[in-house]
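Below you'll find the structure, written out as structure tokens, and then a few comments.
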Amino acid sequence: MNTSQSPRIFTDKETLARGLAGELVASLDSIQRGGRIAHVALSGGSTPTLLFRQLVKMDPGLDWQRVRIFWVDERCVPPDHAESNFRVAREEFLDPLGIPESAYFRMRGENDPEREAERYAGLLMGMLPKVEGIPVFDRILLGMGSDGHTASIFPHQADLWDADALCTVGTHPESGQKRVTLTGKVINAARVVTFMVTGKEKRDVLDRVFRSEGNYPASRVKPVHGRLQWYIDSDAAGHSA
Ligand code: 6PG
Numbered sequence: 044m045n046t047s048q049s050p051r052i053f054t055d056k057e058t059l060a061r062g063l064a065g066e067l068v069a070s071l072d073s074i075q076r077g078g079r080i081a082h083v084a085l086s087g088g089s090t091p092t093l094l095f096r097q098l099v100k101m102d103p104g105l106d107w108q109r110v111r112i113f114w115v116d117e118r119c120v121p122p123d124h125a126e127s128n129f130r131v132a133r134e135e136f137l138d139p140l141g142i143p144e145s146a147y148f149r150m151r152g153e154n155d156p157e158r159e160a161e162r163y164a165g166l167l168m169g170m171l172p173k174v175e176g177i178p179v180f181d182r183i184l185l186g187m188g189s190d191g192h193t194a195s196i197f198p199h200q201a202d203l204w205d206a207d208a209l210c211t212v213g214t215h216p217e218s219g220q221k222r223v224t225l226t227g228k229v230i231n232a233a234r235v236v237t238f239m240v241t242g243k244e245k246r247d248v249l250d251r252v253f254r255s256e257g258n259y260p261a262s263r264v265k266p267v268h269g270r271l272q273w274y275i276d277s278d279a280a281g282h283s284a
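Below you can see the structure in the form of structure tokens.
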């Protein structure tokens, strides 16, 4: 049953990041108290950086040995490239919190994209608990582009969302940059999917997504058994506020 909670709207993106950091840490802590390892997938782009910085500021004291960190998508560039989602996470989150390399599993942007998509799918199958044969994340953190893309599934390739594979290769519509990305099969299997959307430039598309208008990849995030959360700032909320 897809339960999409009404969006949580914050005055600004820093307050949003602080609110989400607190909720995420509480959720991971609860999973750990239940004796389980928590599996989380991070998106790229600029918004997650705000969350990373809040998590570092909080220094949540989680047992990071009992969190497994994966990626929703990765640009097909080396891990030290300016555009690497992993590089940003490592610099802003993993290293500052001393999270050991044994706790995270990057998509290897330097590899052949198609082969890396296959490798990563195999990694998820081998490491995550499964429901109906599909790997289940405890938490997937998503962003949304002003074109309604999410992960690295863009409107011009919206059909990738329904790919049979757990991971596939998307292409940025302007730059042509290839990206390895999770598909809808994995994203919609998660226990909790959290969108973080900020900025006026997202307002119109967000409003259309909320009104189920248009055929945006972001509109196709409908967790089968889990919860969908929207963390948005007042700029992005606009008239939805
Ligand atoms: C990426 C992300 C992408 C991102 C959106 C929003 O690799 O770029 O996974 O899907 O979430 O483009 O990006 P911002 O957070 O920068 O607005």
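Each residue of the sequence shown is one higher than the one before, starting from 44 at the first, in my numbering. Every residue, glycine too, gets a C-beta built ideally from N, C-alpha and C.
Residues of its chain near Thr54, where Cβ-Cβ distance is below 8 Å and the 5 sequence neighbours each way are ignored: Asp276 and Ser277
Looking at Gly227 and Arg263, is the spacing between their C-beta atoms short of 8 Å? yes
Supposed close pair Phe180, Ala261 - CB separation, criterion 8 Å: Contact flag wrong, Cβ pair sits at about 18 Å.
Proximal residues to Ala208 (C-beta, below 7 Å), its chain only, five neighbours per side dropped: The beta carbon of Ala208 is closer than 7 Å to those of Ala160, Ala164 and Thr226 in its chain, skipping five residues each way along the sequence.
Considering Thr92, what are the terminal residues of the alpha helix (DSSP H) in which it resides? Thr90 to Met101
What does DSSP give as the partner residues of Trp273 in its beta bridges? Phe238
So which of Gly169, Leu140 and Ser127 has the shortest CA-CA distance to Arg149? The residue from Gly169, Leu140 and Ser127 with its alpha-carbon nearest to that of Arg149 is Ser127.
Top-ranked residue by Cα proximity to Pro198, from Arg182, His215 and Ala206: His215
Grouping DSSP H, G and I as helix and E and B as strand, with all else coil, what is Ala81? strand
Within 8 Å, strictly: CB atoms of Val68 and Leu93: At a Cβ-Cβ threshold of 8 Å, Val68 and Leu93 do not count as neighbours.
Which of helix, strand or coil does DSSP assign to Val174? Annotated three-state conformation of Val174 is strand, per DSSP.
Using 10 angstroms around the beta-carbon of Met187, count the other beta-carbons present and answer buried if the total reaches 16, otherwise exposed. buried
Which same chain residues, not among the five before or five after Ala201, have their C-beta less than 7 Å away from its C-beta? Asn258 and Pro260
Drop a sphere of 10 angstroms on the beta-carbon of Gly77, count the other beta-carbons inside from all chains shown, and report buried for 16 or more, exposed for fewer. exposed
Considering only DSSP beta bridges, list what Tyr163 is partnered with. In DSSP, Tyr163 forms no bridge with anything.
Taking 8 Å as the cut-off, decide whether the C-beta atoms of Arg246 and Ala206 are in contact. Contact annotation: Arg246 and Ala206 have beta-carbon atoms that are not nearer than 8 Å.
Can you give me the C-alpha to C-alpha distance between Arg115 and Pro91, rounded to a whole angstrom? One point to set straight first is that residue 115 is Val, not Arg, in the sequence displayed. Straight-line Cα distance between these residues: approximately 12 Å.
Per DSSP, what kind of secondary structure is Glu126 in: helix, strand or coil? coil
Please go through the same chain and pick out, in chain order, the residues whose beta-carbon is closer than 6 Å to the beta-carbon of Arg51, but skip the five residues on each side of it. Tyr274
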